[in-house]
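J.: In my numbering, the protein residues as written are 6 to 180.
In this text, a Cβ means the ideal position worked out from N, Cα and C, and glycines have one as well.
What you are looking at is a predicted structure, and each value in this text was computed from that prediction instead of being measured.
Following this message is one structure expressed as structure tokens.
See below:
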């Protein structure tokens, strides 16, 4: 069983590493600790693989595990009042396909870090991870209407932040 479990989790690692990494990077904005959190996510998946009930997809389950790790870290940071924002994007990420240039990506990452936690999670899952509303609802344990409403509010808040800092029109060009 251990060999089967190890093989299964290694398949997941190869298939979903980038998705989990991107989610954690955008949530925490710190690529130095991102690798540790990805590792911890897959270790937890390995130890809990018997409890995976296939009600959701593997990617949804893994991101849900990562979400819990990230939320714990954010709570710790709040207690320590530390919110570093990473200023370099790893070249392995293909975020340039979503945005015109690296500066726009960095500005957007910085703006996303300023959002409320729930807004940040929904935006990252929808826009970066390209999760469906149902997948997001499964990951966050919310209803689909709550996901849609929170996403709408998150976009509105992100527009306000971007317009304040960049002037009207910049946000729309970035997305």
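#1: Please identify the residue among 35, 25, 30 whose C-alpha is closest to the C-alpha of residue 50.
#2: Does DSSP classify residue 77 as helix, strand or coil?
#3: Assess contact between the region 68-78 and the region 149-157, defined as three or more Cβ pairs (one per stretch) separated by less than 8 angstroms. Is contact present?
#4: Pick helix, strand or coil for residue 164, following the three-state DSSP scheme.
#5: Starting from the Cα of residue 20, find the closest Cα among 8, 7, 34, 62 and give me that residue.
#6: Do the CB positions of residue 31 and residue 133 come within less than 9 angstroms of each other?
#7: Our contact map puts residue 166 next to residue 119 with C-beta atoms below 8 angstroms; I'd like the distance itself, whole angstroms only.
#8: Residue 129 lies in the alpha helix (DSSP H); which residues open and close that run?
T.: Judging by the given coordinates:
#1: Taking the first residue of the chain shown as 1, we reach residue 50 at position 45. When each option's Cα is compared against that of residue 50, the closest is 25.
#2: Walking along the chain shown from the start, residue 77 turns up at place 72. Reduced to three states, the DSSP call for residue 77 is helix.
#3: no
#4: Within the chain shown, the letter at position 159 stands for residue 164. Reduced to three states, the DSSP call for residue 164 is helix.
#5: Indexing the chain shown from 1 puts residue 20 at position 15. Of 8, 7, 34, 62, the residue nearest in Cα terms is 62.
#6: Numbered from 1 along the chain shown, position 26 holds the residue referred to as residue 31. Numbered from 1 along the chain shown, position 128 holds the residue referred to as residue 133. Contact flag set, yes.
#7: On the chain shown, position 161 is the one that residue 166 refers to. On the chain shown, position 114 is the one that residue 119 refers to. Contact holds; Cβ gap of about 6 angstroms.
#8: Working through the chain shown from its first residue, we reach residue 129 at position 124. Counting along the chain, residue 129 falls outside any alpha helix (DSSP H), and DSSP gives it neither H nor E.
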